[in-house]
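Visitor:
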Amino acid sequence: MSARPEGGRLHAGARAVPASREEWVERVRSATDIVELIGQTVQLRKVGRNWVGLCPFHQEKTPSFSVHAERQFYHCFSCKAGGDVFKFIQETEKLSFLEAVEMLSRRAGIAVPERRGEPGEPGRRARLLETLDAAAAAYESWLGDPERGAEARAYLERRGVSRETVRAFRLGFVPAGWENLVKRLAPRFPEEALIEAGLAVRRANEGSGPPDTRPAVGGSPGAGRGPGVYDRFRNRLMVPLVAPGGAVVGFGARALAEEDVPKYLNSPETPVYHKGAFLFALDAARRHAAAEGELIVVEGYFDAIALHQAGLSHAVATSGTALTEDQARLLRRVAPRVTLTFDGDAAGQGAMLRSLGVLFAAGLDVAVVELPTGVDPDSLLRERGPDGWRAAREAAYDAVEFIQRHMLRAQAGAPGGLPGPGVDARERALQAVVELGLQGGDEIRRRLFLERASRVFGFSAEVLARATELRHRGQRSAEPIRAAVRAQRQVALSLERQALQALLRSPAELDYARSEISPADFEDPACAALAAELWRDPAGPFAPEPLAALARELLAADDEGPGRAEDPALRATFARMATLKLALRRLARELRGLAARQAQAGESEDRERAREFEEVLARQLVREELYRRLFRQAQAEPDESNPDQILMDIKQIEMRATGQSND
Ligand SMILES: [Zn+2]
């Protein structure tokens with residue numbers, strides 16, 4: 135376009151500048167339908183002459199956002215957001231007015247007028263986006279090239295990526311060689327533009343070549359040195375990083391040759407691409423997030439792509455790091471809940487806790503889908519399809535359970551079953567709860583979180599609240615938690631020691647113990663180890679020596695509870711009572727877990743879980759009843775009935791209660 139006058143002469147003709155620009159703006163405006171534009175990101179429903187939907191600018195449950203087709207503007211009655219097509223794009227895409235017009239101009243197929251070179255000005259951004267888009271188009275065409283793209287297409291086919299998916303995500307390929315893109319985009323896009331867009335790298339003029347020492351297959355001779363620039367991405371599958379609104383802001387590039395490292399190469403940070411503020415596939419996902427009420431966040435681009443292809447289009451991907459605050463804000467704008475995936479490797483645990491904290495702080499609800507080690511969403515979908523994902527999603531748990539599972543498990547699985555050095559796992563887990571609770575935004579959310587944590591951990595909510603309060607004031611919270619954990623452990627220890635003592639003194643009751651509990655029911659590592667020995671052979675000898683010493687100590691002690699009774703029948707009763715106490719402790723825990731899961735499931739009624747709950751409850755009630763009878767017997771009337779008779783009675787009660795045989 136040359137309607138622009140040269141130089142800065144201020145006469146009548148200068149007014150033609152805004153006039154022509156205005157003309158262009160109005161052309162773009164009339165070529166854009168506001169209902170269609172907004173309808174891409176907001177679900178709209180026709181009401182009378184207008185369209186209504188949930189406001190994208192604030193969180194709401196009942197629609198107060200309306201779009202006027204005739205007058206081409208939108209308005210929210212709640213948060214008062216409003217404007218025309220350009221304002222909408224400015225607000226949702228965080229663009230300047232001119233950039234918004236340029237974006238809609240490209241969208242409508244209207245040529246964007248040239249701008250004067252304005253280094254560092256808003257025009258720079260548009261220019262960058264144009265360069266990146268041209269690169270994406272080039273990569274797409276190379277992937278489609280019958281010869282050059284064959285290998286990359288075969289790779290995608292092996293991964294099960296369909297042609298529709300390739301098109302939807304604008305996947306591409308860059309052949310081996312040093313100057314494919316540089317040459318393809320010249321002279322329209324000068325070297326400087328390619329460098330700024332992160333697509334090309336300037337050659338070192340002397341001495342060392344580019345960091346990549348791979349022979350330049352099909353490249354120009356001496357590609358690494360000399361004047362000019364060379365392609366950053368070579369012989370790679372190209373995944374465009376598309377911002378909400380459709381602009382390509384960068385690329386993720388996957389190596390096709392095994393020897394190429396790194397496997398994934400991302401665009402560097404540029405004025406339009408910030409790794410920590412970008413979410414892959416958000417552009418497509420946000421249209422589906424409203425209906426699902428959540429976004430799935432995965433780590434790999436191809437995990438997100440696989441989910442979309444499987445019809446789970448509310449998925450986005452990070453670039454494999456813990457979520458940032460910027461990303462959490464982006465997510466929050468689109469959905470109230472986020473589903474994360476966790477594949478069980480220990481290295482991911484810390485990153486997961488950080489992500490949970492960030493999401494929490496942003497006011498998001500979180501569900502964690504646990505996948506078997508080594509399984510990612512992509513492989514899960516390939517093996518088990520969308521149903522496989524849905525089943526995993528069904529079994530998802532929340533932040534509190536994540537901590538419980540992964541920080542407590544560390545203790546249960548400790549090698550040798552002996553107490554590890556440093557802090558107790560239970561203490562560490564509760565500290566993590568406190569830290570997470572602190573980030574939980576407002577007071578109400580924090581209280582709900584702590585209440586839930588106290589239910590899941592079976593731990594006093596007051597202790598957690600007090601520790602949180604201390605941390606909130608910048609003080610250390612370790613002490614109240616440590617003291618509470620110790621007190622709890624003392625109780626557990628004496629319970630476990632009593633049970634072992636009773637069983638050592640009445641080895642005949644071990645068969646009964648085996649039917650109710652297992653060594654895993656002992657929390658104290660030494661007690662658990664002795665129980666395992668006892669289970670193996672009640673007659674001993676127990677090894678190693680520390681366990682034998684513990685056994686001797688328990689047998690000798692006469693101050694450790696009721697197991698010391700002289701009467702063998704009474705000792706047997708006590709052994710069963712101690713066994714039942716441990717069984718009841720486990721059942722109570724199981725019930726807490728199930729109740730928490732049930733509360734989590736919310737409206738989606740889960741009959742399987744309800745049935746499981748009832749079964750465990752029945753088992754618990756039966757054992758409580760049995761314990762009461764044994765207790766009465768031990769107290770006063772030892773001759774009323776013998777323990778075996780009681781057990782038979784109880785079995786019958788149990789069969790009636792559960793409608794099935796005992797475990
Ligand atoms: Zn609003």
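Just so we're aligned, residue 135 is where the sequence shown starts under the numbering used here, counting upward by one.
C-beta: ideal position from N, C-alpha, C; glycine also.
Only a predicted model underlies this, so the values are computations on that prediction, with no experimental measurement involved.
Exposed or buried, which one is Ala642 when buried takes at least 16 other CB atoms within 10 Å?
Guide: To locate residue 642, count along the sequence shown from 1; it is residue 508. Classification of Ala642: exposed, given that the 10 Å Cβ count is below 16.
Visitor: State the Cα-Cα distance for the pair Phe414 and Phe303, rounded to the nearest angstrom.
Guide: If you number the sequence shown from 1, residue 414 lands on position 280. If you number the sequence shown from 1, residue 303 lands on position 169. If I take the Cα positions, the gap works out to 10 Å.
Visitor: How big is the Cα-Cα spacing for Leu399 and Ala462?
Guide: Sequence index remark: in the sequence shown, residue 399 carries index 265 (1-based). Sequence index remark: in the sequence shown, residue 462 carries index 328 (1-based). Using only the alpha carbons, I get a separation of about 24 Å.
Visitor: Check for me: the beta strand (DSSP E) holding Trp158 runs from which residue to which?
Guide: As a first step, residue 158 must be located in the sequence shown, where it is residue number 24. Note, Trp158: premise wrong, no beta strand (DSSP E); alpha helix (DSSP H) at Ala150 to Ala165.
Visitor: Of the residues Ala411, Arg710, Trp276 and Gly311, which one's Cα is nearest the Cα of Leu375?
Guide: If you number the sequence shown from 1, residue 375 lands on position 241. If we check each option's Cα against that of Leu375, Ala411 comes out closest.
Visitor: For Arg183, which residues of its own chain have a beta-carbon under 8 Å away from its beta-carbon, when the five flanking residues on both sides are left out?
Guide: In the sequence shown, residue 183 corresponds to position 49, counting from 1. Hits under 8 Å: His202, Ala203 and Glu204.
Visitor: Closer than 8 Å to a non-hydrogen atom of ligand 1 - does that hold for the CB of Lys221?
Guide: Reading the sequence shown from its first residue, position 87 is the one you call residue 221. Not so, every heavy atom of ligand 1 lies at least 8 Å from the Cβ.
Visitor: Just how far apart, CA to CA, sit Gln177 and Thr196?
Guide: Indexing the sequence shown from 1 puts residue 177 at position 43. Indexing the sequence shown from 1 puts residue 196 at position 62. Rounded to the nearest angstrom, the two C-alpha atoms are 12 Å apart.
Visitor: Can you tell me whether Phe476 sits near ligand 1, meaning its C-beta is under 8 Å from at least one heavy atom of the ligand?
Guide: As a working mapping, residue 476 is identified with position 342 in the sequence shown. Not under cutoff, so the answer is no.
Visitor: Are there 16 or more other CB atoms within 10 angstroms of the CB of Gln443, so buried, or fewer, so exposed?
Guide: If you number the sequence shown from 1, residue 443 lands on position 309. It is buried - the Cβ of Gln443 has at least 16 other Cβ atoms within 10 Å.
Visitor: So which residues put a beta carbon under 7 Å from any heavy atom of ligand 1, going in chain order?
Guide: Cys189, Phe191, His192, Glu194, Ser198, Phe199, Cys210, Ser212, Cys213 and Ala215
Visitor: With distance defined between alpha-carbon atoms, name the residue in Val502, Met372, Gly283 and Gly379 nearest to Ala387.
Guide: Within the sequence shown, the letter at position 253 stands for residue 387. Of the listed residues, the one whose Cα sits closest to Ala387 is Met372.
Visitor: Report yes if the C-beta distance between Ser453 and Lys409 is below 9 Å; otherwise report no.
Guide: For this step, residue 453 is matched to residue 319 along the sequence shown. For this step, residue 409 is matched to residue 275 along the sequence shown. Yes. Within cutoff.
Visitor: Measuring CB to CB, does Glu233 end up less than 9 Å from Glu227?
Guide: In the sequence shown, the residue the question calls residue 233 occupies position 99. In the sequence shown, the residue the question calls residue 227 occupies position 93. It is a contact, given that the beta carbons lie within the stated cut-off.
Visitor: Would the stretch 625-640 and the stretch 698-714 be scored as touching if the rule is three or more Cβ pairs under 8 Å?
Guide: Yes, the stretch 625-640 is in contact with the stretch 698-714.
Visitor: For the 8 Å Cβ check, are there 3 or more pairs between the stretch 509-519 and the stretch 481-492?
Guide: no
Visitor: Cutting at 8 Å between CB atoms, please list the residues of its own chain near Leu644, excluding the five before and the five after it.
Guide: Taking the first residue of the sequence shown as position 1, residue 644 is located at position 510. Excluding residues within five positions, the ones whose Cβ falls inside 8 Å are Leu637, Leu668, Trp669 and Pro672.
Visitor: Spatial neighbours of Ala438 within its chain, please: CB distance less than 7 Å, with the 5 preceding and 5 following residues excluded, ordered by chain position.
Guide: Along the sequence shown, one-based indexing puts residue 438 at 304. Here the set comprises Phe414, Ala415, Val432, Ala449, Val450 and Ala451.
Visitor: Do you know how far the Cα of Arg366 is from the Cα of Leu333?
Guide: In the sequence shown, residue 333 corresponds to position 199, counting from 1. In the sequence shown, residue 366 corresponds to position 232, counting from 1. Taking the straight line from one Cα to the other gives about 5 Å.
Visitor: With a cut-off of 8 Å on the beta carbons, I'd call Val472 and Leu498 a contact; round off their distance for me.
Guide: Within the sequence shown, residue 472 is the residue found at index 338, counting from 1. Within the sequence shown, residue 498 is the residue found at index 364, counting from 1. Sure, about 5 Å apart at Cβ, within 8 Å.
Visitor: State the Cα-Cα distance for the pair Arg368 and Val568, rounded to the nearest angstrom.
Guide: Locating residue 368 in the sequence shown gives position 234, counting from the first residue. Locating residue 568 in the sequence shown gives position 434, counting from the first residue. Roughly 48 Å between the two C-alpha positions.
Visitor: Straight-line CA distance for Pro817 to Asp477?
Guide: Past the boundaries of the shown model lies residue 817; the chain is included only from 135 to 797, so the question cannot be answered.
Visitor: Residues in the same chain with beta-carbon distance under 6 Å from Gly294, minus the five sequence neighbours each way, listed in chain order, please.
Guide: Translated into positions along the sequence shown, residue 294 becomes position 160. Within the same chain, Gly294 has close Cβ partners Arg516.
Visitor: Tell me whether Ala729 sits in a helix, a strand or coil according to DSSP, three-state version.
Guide: Residue mapping note: residue 729 aligns to position 595 of the sequence shown, counting from 1. Ala729 falls in the helix class under three-state DSSP.
Visitor: Which whole-angstrom value is the C-beta distance of Ala601 and Ser588, which I expect to be below 8 Å?
Guide: Along the sequence shown, read from residue 1 onward, the residue named residue 601 stands at position 467. Along the sequence shown, read from residue 1 onward, the residue named residue 588 stands at position 454. Their Cβ separation, rounded to whole angstroms, is 12 Å, which puts Ala601 and Ser588 out of contact at 8 Å.
Visitor: Taking just the CA atoms, how far does Ala260 sit from Glu236?
Guide: On the sequence shown, position 102 is the one that residue 236 refers to. On the sequence shown, position 126 is the one that residue 260 refers to. Rounded to the nearest angstrom, the gap between the Cα atoms of Glu236 and Ala260 is 7 Å.
Visitor: Here's a check: name, in chain order, each residue in its chain whose Cβ is nearer than 8 Å to the Cβ of Gln754, leaving out the five neighbours to either side.
Guide: As a working mapping, residue 754 is identified with position 620 in the sequence shown. If we look at Gln754 and ignore the five residues flanking it on each side, its Cβ neighbours are Leu718, Leu721, Ala722 and Leu725.
Visitor: At 3 residues or longer, and completely inside the stretch 421-467: list those beta strand (DSSP E) runs for me, N to C.
Guide: 428-432 and 449-451
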